[in-house]
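Structure, as structure tokens:
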Amino acid sequence: MEIKKGIAVSPGISIAKAVVVDSEDYRIPRRTVTPSRRIIEIQRLRNAFKEAINELTGQDAFQNEMAQKNVKDIFAVHLRFLRDRSLRKKITDIIQSESVTAEYAVSTTLRDIAAHFSKVSDTYISERAADIYDIERRLLKHLLGRTRENIDHLTDEVVIVARELSPTQTAGFNKDFVKGLATDAGGRTSHSAIVARSLGIPAVVALEDLTETVRGGDIVIVDGNRGIVIVNPDHETIAQYRDYSQEFLKLEHRLDGLREKPAVTRDGVRIKLLGNIEFPDEAEIVLEKGGDGIGLYRTEFLYLNSPTEPTEEDHYKAYAETVSVFKHRPIVIRTLDLGADKYTQSKRFAPEPNPFLGLRSIRFCLQNLEMFKIQLRAILRASVLGEVKIMFPLITNIQELMQAKMILRDVMEDLDEESIKYNRDLPIGIMVETPSAALTAASLARDVDFFSIGTNDLTQYTLAVDRGNELVSTLYSSVDPAVLRLIRTVIQDANKARIDISVCGEMASDPESVMLLLGMGVRTLSLASPMLPEIKQIIRSVTIEECNTLARKVLTLNSERQISSYLRDAARKILPEAF
Ligand code: PEP
Ligand code: MG
25 MEIKKGIAVS PGISIAKAVV VDSEDYRIPR RTVTPSRRII EIQRLRNAFK
75 EAINELTGQD AFQNEMAQKN VKDIFAVHLR FLRDRSLRKK ITDIIQSESV
125 TAEYAVSTTL RDIAAHFSKV SDTYISERAA DIYDIERRLL KHLLGRTREN
175 IDHLTDEVVI VARELSPTQT AGFNKDFVKG LATDAGGRTS HSAIVARSLG
225 IPAVVALEDL TETVRGGDIV IVDGNRGIVI VNPDHETIAQ YRDYSQEFLK
275 LEHRLDGLRE KPAVTRDGVR IKLLGNIEFP DEAEIVLEKG GDGIGLYRTE
325 FLYLNSPTEP TEEDHYKAYA ETVSVFKHRP IVIRTLDLGA DKYTQSKRFA
375 PEPNPFLGLR SIRFCLQNLE MFKIQLRAIL RASVLGEVKI MFPLITNIQE
425 LMQAKMILRD VMEDLDEESI KYNRDLPIGI MVETPSAALT AASLARDVDF
475 FSIGTNDLTQ YTLAVDRGNE LVSTLYSSVD PAVLRLIRTV IQDANKARID
525 ISVCGEMASD PESVMLLLGM GVRTLSLASP MLPEIKQIIR SVTIEECNTL
575 ARKVLTLNSE RQISSYLRDA ARKILPEAF
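Each residue of the sequence shown is one higher than the last, beginning at 25 in our numbering.
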């Protein structure tokens, strides 16, 4: 049994067999074994070769007389490699001499051969590199258990273990079978973590070398509440976790009972609790969890699982579906926030050296006007169906805001010409998620109807800490005094300008930060739906006076450590069972 500590990013407990997911550019970690284990590794290697050969000779395409000749040729080449004794000997020698696992020996040998082939100028030979990678994948599949290729066809419950998961991969998991996620990399506000939370899959990230410890088929416990992953737990630990999981489910059940009750403090102040969503079908879940509307619709997720750009109709259908769930309640549609860790890196461009400081979000839209206008048309068309608002992300200066608004007006004119209806008075807001926007909030406030503070990016940019990098995750904190000062400024400037202000970053769903945000004057929070009941419970347990006192005290503290421990103590007193 091995216990690993990481960062809890999505609550809940799961106990299931591990599936280790590889990623194309990820090497199998070098893992050594004891000398006595070498013989077992060599046997595993033999079995993997045998199974790979059986698989290939059993392939329909290979057997089928009608199969295309080139497919048969490819399989024949693969078989020749797999039957090549010198290849197997080479891999066996590495296991023997370096005392490493079979998967490491396979991966390192085949990748060396592939690299060698790809350098040869004869194209017939250089193209064989792809075959070698294919053979590597095939052997690894037999060594590691199921890999990414057949994650789409799961038939029983699993925990996915990976070095790193992209938001696209995470969003593609089948919730019925994927019961937990555990990754070496990542941070609390990385987008994959956000997707896991919105799907309600327990997840722990920043486990550093978990993939070196787990093999496909190992039993793994993911404790998404405490940020712990246990590999091959003993019977006693499994029994303890089963009990704990039951207790947690009971608490969740009890909190779900709050659905019909308002989010109102003990001294009668009504707080608006909205949901953050990534996919249209999540709107129903927000409603089920008692949300008052949608405070952040991350529309870039329309780009997920789709090899082509969404059309205006795709956008419109997604928005109309969401509006139909919340007809008379607010829905804040955020324009595309592509870039950085969201897709454009792999889909469109040569990688940027600093993607989070590069062409992302509103900057990307302003340079891709055709794509931007398609989305704006769809949002405007959906605006007649309900209480739709539009929000521009990552605004860093007034010119950007003016430009975005000008393009919105152009699109309105186009719709006028085509006699297509839209809400001319659709509220326009921005995300305040860069220090520059926070520091110029007073001037930006004159040109918008609302602000929503994106604490995920605001924290990243204020503290110069990558939100998804586990190596600096201890430096990433939204309650750092520098971040809190910016948040306070934005709230004050919004209040002076009499525009609406909300918080939609992950800080709004952090039970330890809620009292502080209320005490700083926030009355609208937008958060992942699974957290809505717990946050409502906290709101219903406090008075605004208590929150004000707490915020006054916190703003006098000058270290993150003092602030977080002060907030933890306060939260524990209010909802002990949640901690
Ligand atoms: C944020 O940055 O706080 C935010 C809500 O946006 P995202 O997490 O999608 O970047
Ligand atoms: Mg953001």
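A virtual CB, placed ideally from N, CA and C, is assigned to each residue, including glycine.
List the residues that DSSP assigns as beta-bridge partners of residue i.
i: Arg294; result: Val288
i: Asp146; result: In the DSSP output, where bridge partners are listed per residue, Asp146 has none listed.
i: Ile27; result: Ile254
i: Arg358; result: Arg322, Met415
i: Thr207; result: Ala186
i: Lys577; result: DSSP output for Lys577 lists no bridge partner at all.
i: Ser34; result: Ala227
i: Ala342; result: Ala342 is not bridged to any residue.
i: Met455; result: Ser476
i: Gly363; result: Lys366
i: Val244; result: Ala40, Val255
i: Thr56; result: Val124
i: Ile301; result: Tyr321
i: Ile525; result: Phe475
i: Thr332; result: Answer is none; Thr332 lacks a bridge partner.
Could you compute how far the alpha carbon of residue i sits from the alpha carbon of residue j?
i: Gly251; j: Asp258; result: 19 Å
i: Gly211; j: Val44; result: 20 Å
i: Val124; j: Gln484; result: 39 Å
i: Asp534; j: Gly314; result: 17 Å
i: Val496; j: Val503; result: 16 Å
i: Tyr327; j: Asp180; result: 28 Å
i: Glu276; j: Leu164; result: 39 Å
i: Ile523; j: His352; result: 20 Å
i: Arg405; j: Tyr446; result: 5 Å
i: Ser537; j: Phe475; result: 19 Å
i: Ser589; j: Thr213; result: 20 Å
i: Glu306; j: Gly319; result: 13 Å
i: Cys571; j: Val293; result: 12 Å
i: Ser467; j: Asn421; result: 10 Å
i: Arg135; j: Ile115; result: 12 Å
i: Ile64; j: Gln120; result: 11 Å
i: Pro379; j: Gly363; result: 7 Å
The ligand MG and residue i: does any heavy atom of the ligand fall closer than 7 Å to the residue's C-beta?
i: Asp365; result: no
i: Asn480; result: yes
i: Pro354; result: no
i: Met531; result: no
i: Pro35; result: no
i: Pro377; result: no
i: Asp361; result: yes
i: Glu324; result: no
i: Pro417; result: yes
i: Glu312; result: no
i: Glu424; result: no
Going by beta carbon distance, what residues of the same chain come within less than 7 Å of residue i, once the five residues before and after it are set aside?
i: Tyr321; result: Ile301, Thr346, Ile355, Val356, Ile357, Arg358
i: Leu231; result: Lys28, Gly30, Ala206, Thr207, Asp208, Val253
i: Ala402; result: Glu336, His339, Tyr340, Tyr343
Mind checking whether the beta-carbon of residue i lies closer than 7 Å to any heavy atom of the ligand PEP?
i: Cys571; result: no
i: Cys528; result: yes
i: Glu306; result: no
i: Thr213; result: yes
i: Asp534; result: no
i: Ile301; result: no
i: Ile218; result: yes
i: Glu260; result: no
Ignore the nearest five residues each way along the sequence and tell me which others in residue i's own chain have a CB closer than 6 Å to its CB.
i: Ser553; result: Gly299, Ile309, Val310, Lys313
i: Arg585; result: none
i: Pro191; result: His215, Ser216, Val219
i: Phe416; result: Thr359, Ile386, Ala428, Ile454
i: Asn582; result: Pro505
i: Asp593; result: none
If you drop the 5 nearest sequence neighbours on each side, which residues of the same chain put their C-beta closer than 8 Å to that of residue i?
i: Asp155; result: Ile98, Val101, His102, Phe105
i: Thr620; result: Shown here, the chain extends from 25 to 603; a query on residue 620 therefore has no answer.
i: His177; result: none
Inset, instruction - Indicate whether the contact test is met: 3 or more Cβ pairs, each with one atom in the region 65–82 and one in the region 138–146, closer than 8 Å. - result: In short, these stretches do not touch, since the Cβ pair count stays below three.
Inset, instruction - Decide yes or no for the touch test of the region 392–401 against the region 333–345: beta carbon pairs closer than 8 Å, at least 3 of them. - result: When C-beta atoms of the region 392–401 are compared with those of the region 333–345, three or more pairs fall below 8 Å, so the two segments count as touching.
Legend entry - Segment contact, 8 Å Cβ cut-off, at least three pairs: the region 283–297 with the region 551–566: With the cut-off at 8 Å, the region 283–297 and the region 551–566 touch.
Inset, instruction - Check whether the region 25–42 touches the region 215–228, taking contact to mean three or more Cβ pairs, one atom from each stretch, closer than 8 Å. - result: Yes, they touch.
Inset, instruction - Give a yes or no on contact between the region 512–531 and the region 260–276, applying the rule of three or more CB pairs nearer than 8 Å. - result: Cβ pair count under 8 Å is below three, so no.
Legend entry - Segment contact, 8 Å Cβ cut-off, at least three pairs: the region 232–241 with the region 57–64: Too few Cβ pairs lie closer than 8 Å, so no.
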